[in-house]
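Going down the list, the sequences are from chains W and X. In terms of this note's numbering, the first sequence opens at residue 1 and continues consecutively. In terms of this note's numbering, the second sequence opens at residue 172 and continues consecutively. All C-beta atoms, glycine included, are put in the ideal place defined by N, C-alpha and C. No experiment lies behind these values; they were computed from the predicted model shown.
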Amino acid sequence: MFVVFTAGIGVLFLLGHGRVRGTLEEETRTNEGLRHYLIPRVVGQLLIPFIILFGLYVQFHGEYGPGGGFQAGAIIAAGLILYALLEGEKHALNVVPQKVLLGMMAGGAILYTTVGIFGMLLGGNFLDYSVLSDNTVKGQQMGIILIEAGVGITVTGTLLAIFHAFAARDN
Amino acid sequence: MTELFGIFLLTLLVITAIAVVRAQNLFVAVMLMGIASLLIAVNFFLLDAADVALTEAAVGAGISTVLFLSALALTVDREKAPKTKFGLALAVTIVACLVIFYATLGEPRFGDPNSPVQLHVGPWYLEKTPEYVDIPNVVTAVLGC
Chain W
1 MFVVFTAGIG VLFLLGHGRV RGTLEEETRT NEGLRHYLIP RVVGQLLIPF IILFGLYVQF
61 HGEYGPGGGF QAGAIIAAGL ILYALLEGEK HALNVVPQKV LLGMMAGGAI LYTTVGIFGM
121 LLGGNFLDYS VLSDNTVKGQ QMGIILIEAG VGITVTGTLL AIFHAFAARD N
Chain X
172 MTELFGIFLL TLLVITAIAV VRAQNLFVAV MLMGIASLLI AVNFFLLDAA DVALTEAAVG
232 AGISTVLFLS ALALTVDREK APKTKFGLAL AVTIVACLVI FYATLGEPRF GDPNSPVQLH
292 VGPWYLEKTP EYVDIPNVVT AVLGC
């Protein structure tokens with residue numbers, strides 16, 4: 001997860017974000033996405049809720065089926081990127097603003113690290129979940145759910161931020 | 172039957188990979204790379220590696236295709252003709268392939284129960300996961316803990 005996080009920071013450094021763009025008309029013209037194409041739009045709008053729902057399923061069902069935070073983050077990010085492609089990047093940034101994305105990137109990594117350090121404070125090793133609860137098995141399960149949530153949040157935020165960093169250079 | 176299907180998919184994968192290299196239109200190359208990712212994801216699934224298959228499908232076919240497309244939007248969608256001859260590169264690739272083929276001769280047979288993969292830490296994980304973590308998906312347990 002920290003690999004993805006670092007990659008996101010690197011891309012944001014290289015491509016920049018939130019740069020000032022041309023006039024308003026120019027911006028609306030370049031940011032229309034596929035709004036004039038009816039069929040992709042209708043099918044996409046039908047699919048997006050299910051893609052995000054499947055991402056949440058992969059996230060919260062990771063202990064039982066294949067998947068986990070990383071895959072869930074990638075799937076949710078793919079759903080939101082589809083929205084950005086259909087409606088234009090500006091609409092997508094209205095749904096999930098750049099500040100929220102940066103908060104997600106950092107927040108997930110902080111959640112992961114906090115769980116690790118919390119285990120150290122309670123007398124275990126870094127990322128030792130057994131001490132999180134009286135019952136070691138319960139502690140392990142709690143730890144897995146928390147760090148998977150952290151991984152999912154960071155991966156979603158980073159992949160969306162990378163996409164927006166590319167899309168913002170549309171010129 | 173499963174082996175036959177796997178060989179069929181791997182053959183398609185090789186054809187797709189050659190098509191990616193030969194494609195002059197970069198848009199076509201990106202789409203073919205998405206297809207290659209899906210093919211290898213199905214192959215992972217046939218080998219019972221559901222977690223890896225899901226990752227490959229989500230990241231390889233989904234996110235990286237989109238990122239390639241958005242990078243393509245910033246440049247032209249046609250490859251420039253290469254200036255240099257690629258005889259040396261071809262020779263290096265062929266030698267590397269032969270070395271890898273030679274290395275696979277020392278590997279245990281596919282699905283060998285006595286291979287190190289089956290005997291090293293794998294059984295310990297399978298045995299102890301229900302006791303220590305008590306979740307059904309061992310991959311999540313190994314990655315998370």
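- Query: Can you list the residues of chain X that P66 (chain W) reaches, using a CB-CB cut of under 8 angstroms?
  - Reply: Here residue 66 (chain W) refers to the residue found at position 66 of the first sequence. Going along chain X in sequence order, the residues near P66 (chain W) (Cβ under 8 angstroms) are A221, D222, A224, L225, N308 and V310.
- Give the DSSP bridge partners of R249 (chain X), in chain order. One-based indexing of the second sequence puts residue 249 (chain X) at position 78. DSSP output for R249 (chain X) lists X:N196 as bridge partner(s).
- Cα-Cα separation, F163 (chain W) to A229 (chain X): Stepping through the first sequence from its first residue, residue 163 (chain W) is reached at position 163. Stepping through the second sequence from its first residue, residue 229 (chain X) is reached at position 58. Taking the straight line joining both Cα atoms gives about 15 angstroms.
- Cut-off 7 angstroms between Cβ atoms - residues of its own chain near L180 (chain X), not counting five sequence neighbours on either side: Counting from 1 along the second sequence, the entry for residue 180 (chain X) is found at position 9. L210, V213 and N214, listed in sequence order.
- Query: Under a Cβ-count criterion, where at least 16 other Cβ atoms within 10 Å of its own Cβ denotes burial, should Y64 (chain W) be classed as buried or exposed?
  - Reply: For the purposes of this step, residue 64 (chain W) is taken as residue 64 along the first sequence, with counting starting at 1. Per the 10 Å Cβ criterion, exposed.
- Under 7 angstroms between beta-carbons, which chain W residues line up against V230 (chain X)? List them in chain order, please. Position 59 of the second sequence, counted from the first residue, corresponds to residue 230 (chain X). Simply A74.
- Message: For T300 (chain X) and T136 (chain W), I'd like the C-alpha separation in whole angstroms.
- Response: Walking along the second sequence from the start, residue 300 (chain X) turns up at place 129. Walking along the first sequence from the start, residue 136 (chain W) turns up at place 136. When rounded, the distance between both Cα atoms is 12 angstroms.
- Within 10 angstroms of its Cβ, does Q71 (chain W) collect 16 or more other Cβ (buried), or is it exposed? In the first sequence, counting from the first residue as 1, residue 71 (chain W) sits at position 71. Looking at its Cβ environment, which holds 16 or more other Cβ atoms inside 10 Å, Q71 (chain W) is buried.
- Message: According to DSSP, simplified to helix, strand and coil, what is M172 (chain X)?
- Response: For the purposes of this step, residue 172 (chain X) is taken as residue 1 along the second sequence, with counting starting at 1. Looking at M172 (chain X) - three-state DSSP - the assignment turns out to be coil, as it is neither helix nor strand.
- Item | Rounded C-alpha distance that separates G152 (chain W) from L146 (chain W) | Counted from its first residue, the first sequence places residue 152 (chain W) at position 152. Counted from its first residue, the first sequence places residue 146 (chain W) at position 146. Rounded to whole angstroms, G152 (chain W) to L146 (chain W) spans 10 angstroms at the Cα level.
- Query: When we look at the beta-carbon of L85 (chain W) and count the other beta-carbons within 10 Å, is it buried (16 or more) or exposed?
  - Reply: As a working note, residue 85 (chain W) is residue 85 in the first sequence. Its Cβ being crowded by 16 or more others within 10 Å, L85 (chain W) is buried.
- Message: For A200 (chain X) and Q140 (chain W), I'd like the C-alpha separation in whole angstroms.
- Response: Along the second sequence, read from residue 1 onward, the residue named residue 200 (chain X) stands at position 29. Along the first sequence, read from residue 1 onward, the residue named residue 140 (chain W) stands at position 140. Computed Cα separation, rounded: 44 angstroms.
- Message: I need the straight-line Cα distance from A106 (chain W) to V185 (chain X), nearest angstrom please.
- Response: The count along the first sequence starts at 1 and reaches residue 106 (chain W) at position 106. The count along the second sequence starts at 1 and reaches residue 185 (chain X) at position 14. The alpha-carbon atoms of A106 (chain W) and V185 (chain X) are separated by roughly 40 angstroms.
- Chain-ordered chain W contacts of V313 (chain X) [CB-CB under 7 angstroms]: Taking the first residue of the second sequence as position 1, residue 313 (chain X) is located at position 142. Residues of chain W passing the Cβ test: none, with the nearest at roughly 11 angstroms.
- Message: If we define contact as Cβ-Cβ less than 8 angstroms, is V137 (chain W) a contact residue for chain X?
- Response: Your numbering for residue 137 (chain W) matches position 137 in the first sequence. Yes, because at least one Cβ of chain X sits closer than 8 angstroms to the Cβ of V137 (chain W).
- Item | Nonlocal neighbours in the same chain, by C-beta distance under 6 angstroms from A109 (chain W), ignoring five residues either side | Your numbering for residue 109 (chain W) matches position 109 in the first sequence. Excluding positions up to five away in sequence, the list reads F5 and T154.
- Message: Beta carbons nearer than 9 angstroms to chain W: which residues of the stretch 230-249 of chain X have them?
- Response: V230, G233, I234, V237, L238, L240, S241, A242, A244 and L245
- Report the three-state DSSP secondary structure of T156 (chain W) (helix, strand or coil). Translated into positions along the first sequence, residue 156 (chain W) becomes position 156. Helix.
- Message: Suppose you measure from the CA of R21 (chain W) to the CA of L314 (chain X); what does that come to, to the nearest Å?
- Response: Position 21 of the first sequence holds residue 21 (chain W). Position 143 of the second sequence holds residue 314 (chain X). Below a pLDDT of 50, predicted positions are generally treated as unreliable, and R21 (chain W), at 49, falls in that range; the measurement from the model is reported next regardless. C-alpha separation (whole angstroms): 42 angstroms.
- Query: Of all the options W:G62, W:G79 and W:S130, which has the alpha carbon lying nearest to the alpha carbon of V310 (chain X)?
  - Reply: Residue mapping note: residue 310 (chain X) aligns to position 139 of the second sequence, counting from 1. Of the listed residues, the one whose Cα sits closest to V310 (chain X) is W:G62.
- Query: In the stretch 241-300 of chain X, which residue ranges form an unbroken beta strand (DSSP E) of at least 3 residues, counting only runs that do not cross its ends?
  - Reply: none
- Query: Can you find a CB in chain X that lies within less than 8 angstroms of the CB of V20 (chain W)?
  - Reply: For this step, residue 20 (chain W) is matched to residue 20 along the first sequence. Reliability fails at V20 (chain W), whose pLDDT of 46 lies under 50, so the model's placement of it is uncertain and the value that follows must be treated cautiously. Taking Cβ atoms only, chain X never reaches closer than 8 angstroms to V20 (chain W), which makes this a no.
- Going by Cα to Cα distance, which pick from X:I206, X:A232, X:K251 and X:F239 is closest to Q195 (chain X)? Looking up residue 195 (chain X) in the second sequence gives position 24. Of the listed residues, the one whose Cα sits closest to Q195 (chain X) is X:K251.
- Kindly indicate if chain X contains any beta-carbon less than 8 angstroms away from that of R41 (chain W). On the first sequence, residue 41 (chain W) is found 41 positions in, with the first residue counted as 1. It does not; no Cβ of chain X falls within 8 angstroms.
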